[in-house]
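Numbering-wise, the UniProt record's numbering puts 40 at position 40 of the sequence shown, and it's gapless, one number per residue. Backbone N, C-alpha and C define an ideal beta-carbon position, used for all residues, glycine too. Given the structure is predicted, the values throughout are model-derived calculations rather than measurements. This report refers to the structure that appears directly beneath it.
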Amino acid sequence: NFILARTTNQKEYLKDKTGERRFLPIMADSKQQKKHPMEIDPDTIEQIWGEAVTIYRAGADLMFDENTEDELNIYREQFMYRDEVELQ
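Following this line, the structure appears as structure tokens:
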């Protein structure tokens with residue numbers, strides 16, 4: 001198992017019309033930010049990794065159930081790229 005992360009300034013970046021289940025967009029709001037990522041101290045980073053490893057080793061199910069996946073598909077629609085033809 002692994003997680004890939006990426007950032008973009010474009011809200012509508014999902015382009016695969018057959019579904020984008022491999023992506024889970026997360027909107028970040030700088031007004032709600034408590035710490036700048038470059039200001040996080042090593043102890044906090046170690047704590048985050050420790051918690052993630054503990055959850056993983058406990059055998060947490062990383063798959064979404066069908067109901068959650070349906071809700072995520074609806075949520076992902078707001079991030080779908082639409083070209084000029086689709087907007088008409």
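Three or more Cβ pairs closer than 8 Å define a contact, and the stretch 2-15 meets that threshold against the stretch 68-81. When DSSP states are grouped into helix, strand and coil, LEU72 belongs to the helix group.
Along the length of the UniProt domain "Virulence-associated protein E-like" (2-80), whole alpha helix (DSSP H) runs at least 4 residues long occupy 42-57, 66-76, reported in chain order. Taking the Cα of ALA60 as reference, the smallest distance to any Cα among GLU51, THR68, LYS31, THR7 is reached at GLU51. Here the alpha carbon of ILE45 sits roughly 43 Å from the alpha carbon of GLU84.
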